[in-house]
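Numbering of the sequence shown is given in numbering that gives the first Met the number 0, commencing with residue 0 and proceeding in unit increments. Backbone N, C-alpha and C fix where the C-beta goes; we use that ideal spot for every residue, glycine too.
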Amino acid sequence: MKRKEKMVGFILGIITGAAVILSLGGLYLAKKDAAAVSIIGGADGPTAIFIAGKIDFTPVYIGTAILVLITAGYMIYRKNKKGGS
Numbered sequence: 000m001k002r003k004e005k006m007v008g009f010i011l012g013i014i015t016g017a018a019v020i021l022s023l024g025g026l027y028l029a030k031k032d033a034a035a036v037s038i039i040g041g042a043d044g045p046t047a048i049f050i051a052g053k054i055d056f057t058p059v060y061i062g063t064a065i066l067v068l069i070t071a072g073y074m075i076y077r078k079n080k081k082g083g084s
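Printed below as a string of structure tokens:
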């Protein structure tokens, strides 16, 4: 059972770390004002200009916060379970 608990903690830690890295990347892109302007067209047809707005990373931030809370809660639970036995 200890091995299973360690594995769950390890996996939660890996997923949370990846989410934190993704969130930091989102913060970097948001600060950089990520937007794209593309010109689509050809020699024989009309030309269109496509403007892509900013990418919203709010769901990524919320998901990361939830994962951090879940991981911290699990680690506290595991520590209390270990200390009480």
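Straight-line measurement puts the Cα of L11 at about 11 Å from the Cα of G72. Classified as exposed, G16 has fewer than 16 neighbouring CB atoms from the shown chains inside 10 Å of its CB. Cα atoms of V59 and K1: separation of roughly 32 Å, rounded to the nearest angstrom. Cβ atoms of V19 and T63 come within 8 Å of each other, at about 6 Å.
Looking at K81, L26, M74, the one whose alpha-carbon comes closest to that of V7 is M74.
Contact check for I13 against L66 fails: the beta carbons are separated by 8 Å or more.
Nearest neighbour of T57 by Cα position, chosen from E4, L23, K78, turns out to be L23.
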